[in-house]
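What follows is one structure encoded as structure tokens, with my remarks underneath.
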Amino acid sequence: MDALKKGWFSELHNLWPGQSMSLEVEEVLHAEKTQFQDILIFQSKTYGRVLALDGVIQCTDRDECSYQEMMAHLPLCSHPNPSKVLVVGGGDGGVVREVAKHSCVEEIHLCEIDQRVVELSKQYLPQLSCGFSDSRVAVHYQDGAEFMTQHPSQFDVIITDSSDPIGPAECLFEQPYYEKMKKALRPGGVLCAQGECIWLDLELIQRVAQHSRAMFPVVRFAFSSVPTYPCGTIGYLLASTNEATVFESPVRVLSESQVELMNLNFYNSDIHRASFALPQFVKKVLQPTS
Ligand code: SPM
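Taking the working numbering, the leading residue of the sequence shown gets 3, the next gets one more, and so forth.
Pasting the structure below:
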């Protein structure tokens, strides 16, 4: 395997040419080619266990809190009463684990195309997959777009926890997929999608924001730091069907004791507000029109 050489894993990909994150490997725990992708799980020297799909780091024990907590709590704290939530992708279970921390949520549906990601996460990544044991969680092994077509006007929040726009996740960045999300949301529904990297993917982010604005009255972009993702940042694309939604100001503000009780390591209400402050070069291309 090209990515593994001399005891190091290197994330080599033409989506980020000329650069690569490397992690020292202590032990390869599992490597498998499924019908959808290559799955690699290894024990790293300094970031705990690591899940890579098609050679791209999805999460590490050490920094997964940033991505999973933001993906879940940015939309859930922007909705006044989220009761039914759909997560598309996210077969490692990390986002589901975070969604389950909201007691107002009654049903959590995870739609993952690759059953092996869920099975291997349960076997090797307990820190992430622990959310699957919550009785409100139902797992569906199906294409997310197809699932949404079969469940119109059902969800208060839809979270798309995708890998990068190449291979099985490519369609999750396109307009038809956003149309399906809109139809699957209840009135007042909110969505959050993996929004890629401001340093690498600005054209893609602009394109997704543009087609989202044609469909939703409110669209915003936030980002947070994740050291093991390329350039160390990842974005979140949020949209609401309710024109009164103000993503920058959470409707459900978490007190310090709630943050403690929910065992949050990254998200709090200050981080929520701050994550929408964008560098000038990003603002220029993503000027909100709503
Ligand atoms: N539940 C964790 C799944 C992670 N999904 C997002 C992974 C994105 C990794 N690539 C970032 C590349 C930025 N251009």
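Think of the CB as a built atom: it goes at the ideal place given N, C-alpha and C, for glycine as much as any other residue. Just so we're clear, the structure is a prediction, and the values are computed from it rather than from any experiment.
Check: Cβ-heavy atom distance, Leu-202 to the ligand SPM, below 6 Å; Outcome: yes
Check: Inside the region 175-222 only - alpha helix (DSSP H) runs reaching at least 4 residues; Outcome: 177-186 and 204-215
Check: Cβ-heavy atom distance, Cys-199 to the ligand SPM, below 6 Å; Outcome: yes
Check: Three-state secondary structure (DSSP) of Glu-109; Outcome: strand
Check: Three CB pairs or more closer than 8 Å across the region 232-240 and the region 68-77; Outcome: yes
Check: First and last residue of the uninterrupted alpha helix (DSSP H) at Val-287; Outcome: 282-287
Check: Backbone secondary structure at Leu-256 - three-state DSSP; Outcome: coil
Check: C-alpha distance - Ile-115 paired with Asp-272, whole-angstrom precision; Outcome: 35 Å
Check: At least three beta-carbon pairs within less than 8 Å, the region 86-101 to the region 129-140; Outcome: yes
Check: Same chain, Cβ closer than 7 Å to Phe-38, neighbours up to 5 away in sequence not counted; Outcome: Ile-115, Asp-116 and Pro-170
Check: Proximity test, Asp-163 beta-carbon vs the ligand SPM heavy atom, cut-off 6 Å; Outcome: yes
Check: Whole-angstrom distance between Gln-260 and Asn-267, CA atom to CA atom; Outcome: 12 Å
Check: Alpha-carbon to alpha-carbon, Ser-22 and Asp-166; Outcome: 15 Å
Check: Any non-hydrogen atom of the ligand SPM closer than 6 Å to Asp-94 Cβ; Outcome: yes
Check: For Gln-144 and Cys-194, believed in contact at Cβ under 8 Å, the rounded distance; Outcome: Their Cβ separation, rounded to whole angstroms, is 20 Å, which puts Cys-194 and Gln-144 out of contact at 8 Å.
Check: Pro-252 versus Ala-224, Glu-28 and Pro-189, residue with shortest Cα-Cα distance; Outcome: Ala-224
Check: C-beta contact flag for Ser-226 and Ser-68 at 7 Å; Outcome: yes
Check: Heavy atom of the ligand SPM within 6 Å of Asp-40 beta-carbon; Outcome: no
Check: C-beta atoms of Arg-138 and Asp-158 nearer than 7 Å; Outcome: no
Check: Lys-285 at chain B interface by Cβ criterion, 7 Å; Outcome: Absent here is chain B; the protein component of the structure consists of one chain.
Check: Residues that Ile-161 bridges to, as DSSP identifies them; Outcome: Val-89 and Cys-194
Check: C-beta contact flag for Val-119 and Gly-146 at 7 Å; Outcome: no
Check: DSSP-derived helix/strand/coil call for Tyr-69; Outcome: helix
Check: Identity of the residue in Leu-25, Ile-200 and Glu-34 nearest Lys-47 by Cα; Outcome: Leu-25
Check: Proximity test, Tyr-238 beta-carbon vs the ligand SPM heavy atom, cut-off 6 Å; Outcome: no
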